[in-house]
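>
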Amino acid sequence: MKRTGAQIIWECLIHEGVEVVFGYPGGTILPAYDAMIDYPVRHVLVRHEQGAAHAADGYARAGGGVGVAIATSGPGSTNLVTGIATAYMDSSPLVCITGQVPSKLIGCDAFQEIDITGITLPICKHNYLVTDINDLTRVIREAFYIARSGRPGPVLVDIAKDVQMTSMDWEYDESPIRLPGYRPHPQPLTRELEQAVEMIQAAKRPVILAGRGVLLSGAMPELRELVEKTQTPVAMTLLGIGGFPAGHPLNLGMMGMHGEACVNKAIQQADLLLAIGMRFDDRVTGSLQNYATQARKIHFEIDPAEVNKNVQVDLALVGDLGETLRQLLPYLQACDHAGWIEEVNEFRDETVQRDIQNRPDDGSLYAAHVIHDLWRSTKGNALVVSDVGQNQMWTAQYYKHNDPYTYITSGGLGTMGFALPAAIGAKVARPDADVWVIAGDGGFQMTQAELSTAAQEGLKINIAIINNGYLGMVRQWQEFFYERRYAATPMRSPDFVKIAEAHGLTGLRVTRRSEIEAAVRQAQETDGTVLIDFRVEAEDSVYPMVPAGAALDKMIRRPSPRVMVETD
Amino acid sequence: MQHTLVALVEDRPGVINRIASLFRRRAFNIQSITAGPTEQPGVSRITIVIDSTETNAERVMANLLNQVYVIQVADLAQVPSVRRDLALVKVSASPDSRSLIMQLVEVYRARIVDVNTESLVVEITGNEDKIDNFVDVLKPFGIQEMVRTGVVAMARGSGPMPRINGNGNGNGNGNGHKQSYAEA
Chain G
1 MKRTGAQIIW ECLIHEGVEV VFGYPGGTIL PAYDAMIDYP VRHVLVRHEQ
51 GAAHAADGYA RAGGGVGVAI ATSGPGSTNL VTGIATAYMD SSPLVCITGQ
101 VPSKLIGCDA FQEIDITGIT LPICKHNYLV TDINDLTRVI REAFYIARSG
151 RPGPVLVDIA KDVQMTSMDW EYDESPIRLP GYRPHPQPLT RELEQAVEMI
201 QAAKRPVILA GRGVLLSGAM PELRELVEKT QTPVAMTLLG IGGFPAGHPL
251 NLGMMGMHGE ACVNKAIQQA DLLLAIGMRF DDRVTGSLQN YATQARKIHF
301 EIDPAEVNKN VQVDLALVGD LGETLRQLLP YLQACDHAGW IEEVNEFRDE
351 TVQRDIQNRP DDGSLYAAHV IHDLWRSTKG NALVVSDVGQ NQMWTAQYYK
401 HNDPYTYITS GGLGTMGFAL PAAIGAKVAR PDADVWVIAG DGGFQMTQAE
451 LSTAAQEGLK INIAIINNGY LGMVRQWQEF FYERRYAATP MRSPDFVKIA
501 EAHGLTGLRV TRRSEIEAAV RQAQETDGTV LIDFRVEAED SVYPMVPAGA
551 ALDKMIRRPS PRVMVETD
Chain R
569 MQHTLVALVE DRPGVINRIA SLFRRRAFNI QSITAGPTEQ PGVSRITIVI
619 DSTETNAERV MANLLNQVYV IQVADLAQVP SVRRDLALVK VSASPDSRSL
669 IMQLVEVYRA RIVDVNTESL VVEITGNEDK IDNFVDVLKP FGIQEMVRTG
719 VVAMARGSGP MPRINGNGNG NGNGNGHKQS YAEA
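Chains as they are written, first to last, in my numbering: chain G, 1 to 568; chain R, 569 to 752.
#1: Measuring CA to CA, which of G/D362, G/L274, G/A246 and G/Y366 is closest to G/T324?
#2: Using the beta-carbon of each residue, which ones in chain G are nearer than 9 Å to R/L633?
#3: Give me the subset of the region 617-648 of chain R whose CB atoms are less than 8 Å from a CB atom of chain G, sorted by chain position.
#4: Tell me which same chain residues have a C-beta within less than 6 Å of the C-beta of G/G414, skipping the five on either side of it?
#5: Could you tell me which of G/Q201, G/S149 and G/A160 sits nearest to G/Q570, measuring between CA atoms?
#6: Alpha carbon to alpha carbon, what distance is there between G/Q327 and G/L272?
#7: What's the call for R/Q650, buried or exposed, on a 16-neighbour Cβ count within 10 Å?
#8: Quick one: grab the DSSP three-state call for G/R376.
#9: Considering only residues of the same chain and omitting the five flanking positions on each side of G/G573, which have a CB-CB separation below 7 Å?
#10: Under 7 Å, CB to CB, which of the residues in the region 587-619 of chain R have a partner in chain G?
#11: Does G/M236 come out as helix, strand or coil in the three-state DSSP assignment?
#12: According to DSSP, simplified to helix, strand and coil, what is G/C12?
#13: With a Cβ-Cβ cutoff of 8 Å, do R/I601 and R/G718 count as a contact?
#14: Run through chain G and tell me which residues come within less than 8 Å of R/A578, C-beta to C-beta.
#15: Please state the DSSP three-state secondary structure of G/L209.
#16: Counting along the chain, where does the beta strand (DSSP E) carrying G/W436 start and finish?
#17: For R/L668, count neighbouring C-beta atoms within 10 Å of its own C-beta (all shown protein chains included) and say buried if the count is 16 or more, exposed if not.
#18: How should G/E501 be labelled, buried or exposed, when 16 other C-beta atoms within 10 angstroms of its C-beta is the threshold for buried?
#19: At a Cβ cut of 8 Å, what residues of the region 143-171 of chain G count as close to chain R, listed as they run along the chain?
#20: Three or more beta-carbon pairs under 8 Å between the region 469-482 of chain G and the region 513-533 of chain G, yes or no?
#21: Under 8 Å, do G/V68 and G/I97 count as touching if we go by C-beta distance?
#22: If you count every other CB in all the chains shown that lies within 10 Å of the CB of G/R492, and 16 or more means buried, which is it?
#23: Beta-carbon of G/N79 versus every beta-carbon of chain R: anything under 8 Å?
#24: Is any beta-carbon of chain R found at less than 8 Å from that of G/K309?
#25: In the DSSP assignment, what residue or residues form a beta bridge with G/G507?
#26: Assign G/P180 to one of three DSSP states: helix, strand, or coil.
#27: Count the C-beta pairs between the region 125-141 of chain G and the region 151-168 of chain G that are closer than 8 Å, then say yes if the count reaches three, no if not.
#28: Per DSSP, G/K2 is paired with what?
#29: Give a yes or no on whether the minimum CB-CB distance between G/L121 and chain R is below 8 Å.
#30: Do three or more CB pairs link the region 526-546 of chain G to the region 461-475 of chain G at distances below 8 Å?
#31: For G/D305, which option in R/E713, R/L590 and R/P581 has the closest C-alpha, if you only look at C-alpha atoms?
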């Protein structure tokens with residue numbers, strides 16, 4: 001059959017199971033947009049291409065499969081860059097399709113021409129420039145295959161306008177994908193599995209470090225079996241949250257810079273670390289020199305390039321987590337670590353609980369209260385998308401996630417402005433979920449325009465703005481490390497209630513703890529997106545905190561009525 | 569310590585750029601990089617020399633293998649190998665010095681490939697030490713211009729390129745999509 005390149009794009013997308021794309025039209029992608037009308041694909045029109053990439057990312061993280069963003073050449077494609085980098089750092093499967101100037105003009109600095117494959121080279125798992133219609137089907141098939149297999153990641157496909165406009169006799173190519181250098185399914189060797197069994201069986205003070213790989217592999221049942229069979233306490237990375245139930249007695253909580261003291265202490269005193277689908281980011285290790293010095297380390301990881309990158313490990317099991325654990329589990333004997341678990345539980349000094357309890361109800365509103373009460377009011381069942389900064393750390397600390405794929409946030413890149421567009425994508429992927437954005441006043445304003453997208457699409461999202469009038473995390477660093485010199489962190493915001501109303505949406509304001517529950521209920525019961533402006537205490541900080549580069553157990557604690565600043 | 573890595577890559581547009589970009593992004597220092605065709609159509613061979621005291625060779629290999637277009641990587645430090653560099657040296661040659669230079673060319677088994685009234689162009693192949701040494705010897709005559717190709721290398725013995733087990737976990741085993749060099 002005769003097909004234009006533009007039609008081939010949609011034919012291929014439909015073969016990949018794509019039902020929705022997030023995008024923004026423009027000159028060089030116009031032929032593709034024109035063809036789109038004839039295909040059963042939902043298009044969500046964002047207000048800025050960065051929003052398209054974040055929405056596609058949120059869609060993927062919420063479990064929708066590969067997210068697709070589409071944009072025009074030049075500024076359309078460069079606007080995707082932050083979103084692509086965000087997805088890359090957090091291993092999120094994305095296919096970004098961009099228009100490119102006609103192939104004859106490439107290299108001539110044509111209007112809206114930019115070398116987007118060059119620009120995105122270091123932030124894509126792979127990328128393509130298509131200048132021949134005969135390559136188009138193969139390239140799109142490879143793009144989806146690469147994006148979703150192995151360690152997932154973003155793939156960009158830049159398609160010259162003339163390729164979209166040319167026609168050819170076309171059949172879908174069903175032949176196996178041929179990528180001789182691509183190895184998405186590595187497997188550990190038998191002797192490595194045997195060695196792992198020995199090490200696990202010999203451990204007296206083991207700790208599991210669970211990361212986003214658990215969610216990407218869908219290895220939640222296997223992880224749980226490992227934990228329970230070997231009676232090993234679990235520390236979570238930020239992006240691992242949801243991979244193991246927060247309410248499980250062996251779940252210690254989040255590790256790292258803003259992890260509970262007890263979690264970091266357990267890691268530092270462990271004799272064996274089982275790093276499962278995590279990559280020893282500097283925000284979880286602190287000073288590498290002092291990191292878990294007594295522990296032997298086993299790294300369960302699908303990406304061989306992650307092994308020995310930051311932390312030298314004693315054994316690496318390179319492969320899909322679920323598969324590796326399924327192979328390993330039958331050989332493991334049940335362990336009893338009652339003494340160690342008791343010891344770890346004694347470390348639990350409830351910093352976070354103390355944080356809430358020590359806050360007098362003096363009429364002011366604390367972020368900890370907001371998120372804790374939001375968790376209670378939503379019965380822990382919300383799909384929470386947090387932004388970046390204090391709001392993110394408080395969310396990780398106070399919203400207890402028991403289910404996978406219910407917490408979405410930008411971890412590796414730490415992209416402010418991620419939450420709202422990502423929540424749009426998450427809501428599109430899971431229309432029945434109670435989707436909540438938790439964002440600071442700073443980050444929210446970065447992509448606030450996407451409120452308009454939510455309104456146009458009739459999406460029901462609830463937005464909690466943790467409004468403290470500062471770029472809070474930066475202000476906190478200035479308070480701790482820069483003698484309270486608040487350079488460029490005080491921020492005046494618009495009236496967020498009116499902003500919501502200007503979009504035809506509902507805006508609420510909360511200034512007292514007693515109002516939180518009612519506001520949450522009202523938001524849930526109101527049709528359409530609701531924004532709640534929580535006016536919280538301006539100079540509150542996230543505790544505990546390990547200063548950047550310090551050893552994991554050297555932390556700044558919440559000043560309590562008795563102790564101002566205590567370090568151990 | 570010098571470490572020589574050999575990568576077989578699909579001959580696609582931008583593949584050298586991808587590898588150069590990878591090295592830059594990961595802050596891997598390279599001493600030389602050369603690329604050229606192989607006996608297989610569509611497959612190029614890249615030889616990379618790194619200083620392994622500064623840059624961890626296993627990390628370089630693991631990152632190279634993560635590139636979609638990199639088919640295979642071998643670490644030639646692990647096996648006996650032949651290493652060759654080629655240099656063209658344009659050296660000043662007066663009537664007095666000419667015969668002296670020609671004697672040195674003879675000793676080093678180099679070749680004179682261009683003769684001029686003022687200068688000679690000498691071609692020499694060999695390992696880097698031999699070439700370094702030869703260049704030092706020519707220096708007193710006055711080197712007008714020099715170019716070196718960078719090292720290419722090959723494992724000794726018969727059979728195709730040795731398979732690597734990067735990062736100590738036998739990772740080359742892959743799956744159906746992975747093809748060995750011989751099958752590629």
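Ideal placement from N, C-alpha and C gives every residue a C-beta, glycine not left out.
In brief:
#1: Walking along the first sequence from the start, residue 324 of chain G turns up at place 324. Of G/D362, G/L274, G/A246 and G/Y366, the residue nearest in Cα terms is G/L274.
#2: By one-based count along the second sequence, residue 633 of chain R stands at place 65. Simply G181, R183, P304 and A305.
#3: N624, E626, R627, A630, N631, L633, N634, Q635, V636, Y637, V638, I639 and Q640
#4: Residue 414 of chain G sits at position 414 when you count from the first residue of the first sequence. Within the same chain, G/G414 has close Cβ partners V388.
#5: Nothing about residue 570 of chain G can be read from this structure; chain G reaches only from 1 to 568.
#6: For the purposes of this step, residue 272 of chain G is taken as residue 272 along the first sequence, with counting starting at 1. For the purposes of this step, residue 327 of chain G is taken as residue 327 along the first sequence, with counting starting at 1. Each residue's alpha carbon lies about 20 Å from the other.
#7: In the second sequence, the residue the question calls residue 650 of chain R occupies position 82. At residue 650 of chain R the sequence reads Val, which differs from the Gln that was named. Burial check for R/V650: the Cβ neighbour count within 10 Å stays below 16, so the residue is exposed.
#8: Locating residue 376 of chain G in the first sequence gives position 376, where the first residue counts as 1. Per DSSP, reduced to three states, the secondary structure at G/R376 is helical.
#9: This structure cannot settle anything about residue 573 of chain G, because the visible part of chain G is limited to 1 through 568.
#10: S589 and R593
#11: Within the first sequence, residue 236 of chain G is the residue found at index 236, counting from 1. In the structure shown, G/M236 sits in a strand (DSSP, three-state: E or B).
#12: For the purposes of this step, residue 12 of chain G is taken as the residue at position 12 of the first sequence. In this structure, G/C12 counts as helix in the three-state DSSP scheme.
#13: For this step, residue 601 of chain R is matched to residue 33 along the second sequence. For this step, residue 718 of chain R is matched to residue 150 along the second sequence. Yes, the pair counts as a contact, with Cβ atoms nearer than the cut-off.
#14: Counted from its first residue, the second sequence places residue 578 of chain R at position 10. For the sequence presented, residue 578 of chain R should be read as Glu rather than Ala. Result: P180 and G181.
#15: The residue you call residue 209 of chain G lines up with position 209 of the first sequence. G/L209 falls in the strand class under three-state DSSP.
#16: Here residue 436 of chain G refers to the residue found at position 436 of the first sequence. V435 to G440 is the span of the beta strand (DSSP E), which, as asked, contains G/W436.
#17: The residue labelled residue 668 of chain R in the question sits at position 100 within the second sequence. Flag for R/L668 reads exposed.
#18: In the first sequence, the residue the question calls residue 501 of chain G occupies position 501. Counting Cβ neighbours within 10 Å, G/E501 comes out exposed, since fewer than 16 surround it.
#19: Those residues of the region 143-171 of chain G that come within reach of chain R (Cβ to Cβ, closer than 8 Å) are I146.
#20: no
#21: Along the first sequence, read from residue 1 onward, the residue named residue 68 of chain G stands at position 68. Along the first sequence, read from residue 1 onward, the residue named residue 97 of chain G stands at position 97. Cβ atoms of G/V68 and G/I97: closer than 8 Å.
#22: Within the first sequence, the letter at position 492 stands for residue 492 of chain G. G/R492 comes out exposed.
#23: Taking the first sequence and counting its residues from 1, the one referred to as residue 79 of chain G is at position 79. G/N79 is outside the set of residues whose beta carbon lies under 8 Å from a beta carbon in chain R.
#24: Locating residue 309 of chain G in the first sequence gives position 309, where the first residue counts as 1. Chain R contact via Cβ: present.
#25: Taking the first residue of the first sequence as 1, we reach residue 507 of chain G at position 507. Partner(s): G/L531.
#26: The residue given as residue 180 of chain G occupies position 180 in the first sequence. Correct three-state label for G/P180: coil.
#27: Yes: at least three Cβ pairs fall under 8 Å.
#28: Position 2 of the first sequence holds residue 2 of chain G. In DSSP, G/K2 forms a bridge with G/D169.
#29: Within the first sequence, the letter at position 121 stands for residue 121 of chain G. For G/L121, the answer is yes, since a Cβ of chain R falls inside 8 Å of its Cβ.
#30: yes
#31: The residue you call residue 305 of chain G lines up with position 305 of the first sequence. Checking the sequence shown, residue 305 of chain G turns out to be Ala, not Asp. Closest option to G/A305, Cα to Cα, is R/L590.
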